[in-house]
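Contents: one structure, followed by commentary.
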């Protein structure tokens, strides 16, 4: 274990920062005890590969801190980023023994991991765990449909604003204004959004000049008015697309 892993392990589930959002959110104390018997913590440094597409999948688990990317490769070698894993997001499928995507640490990222075969058994005997898995799967399906709208219908400004709003709402520290560290480079943002680096930079600059966001250092971003950022994204305050 790294120092980060040890700190999280010592804190226990009750002090876990994702306890009420992760796969274990609905678990009773006895169910948490069962999960604890098959879990471990591991940290990957930024740039390290966590899983290779098509490789054996020995574990499933939740992001505790940091961010990872999901990518798929085409036969001609082209690579497309298809998703981000932020705190409380779940990686892996209990019913599939190989990884469907390549998972790479965008920042230093720590996972709470469960041995896949034993986790699959727990799902069949722990109703709260199965219900939470279904809920998270449906939420992921909704998010995928929203992303189809973004890629197919939104303007470059709306795409960039949507991504920034998602990151701030999911990864921002508590308090006002919202503040987070951008987990992606401009290059990675461009790949994810289907834009050029120059377009992403222009849109970020425009949002900054309008006072909707502020950039701090290389990756820091703050937003004092989330509703203004959501308006720029073409969404309402609940995240629904505005016609």
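In UniProt numbering, the protein residues as written are 1 to 243.
Glycine included, every Cβ here is placed at the ideal spot set by N, Cα and C.
Given the structure is predicted, the values throughout are model-derived calculations rather than measurements.
| Check | Outcome |
| --- | --- |
| Cβ shell of residue 183 (< 6 Å), same chain only, five flanking positions each side left out | 67, 106, 107 |
| Reduced DSSP category for residue 101 - H, G, I as helix; E, B as strand; rest coil | coil |
| N- and C-terminal bounds of the beta strand (DSSP E) containing residue 179 | 178 to 181 |
| Alpha helix (DSSP H) runs wholly inside the UniProt domain "HTH crp-type" (154 to 227), at least 4 long, in chain order | 156 to 171, 186 to 193, 197 to 209 |
| Through-space distance from residue 179 to residue 216, alpha-carbon basis | 10 Å |
| Pair within 8 Å by beta-carbon distance, residue 59 and residue 113 | yes |
| Range covered by the alpha helix (DSSP H) that runs through residue 120 | 116 to 125 |
| DSSP bridge partner residues for residue 88 (one or two, in chain order) | For residue 88, which the question treats as bridged, DSSP gives no partner whatsoever. |
| Bounding residues of the alpha helix (DSSP H) (the contiguous stretch that carries residue 30) | 29 to 36 |
| Separation of residue 46 from residue 116, as counted between CA atoms | 24 Å |
| Assigned exposure category for residue 63 - 16 Cβ within 10 Å defines buried | buried |
| Residue 129 in three-state terms, based on DSSP | helix |
| Residue(s) in a DSSP beta bridge with residue 51 | 103 |
| For residue 225 and residue 78, the rounded distance between their alpha carbons | 38 Å |
| Integer-rounded CB distance, given that residue 165 should sit under 8 Å from residue 229 | 5 Å |
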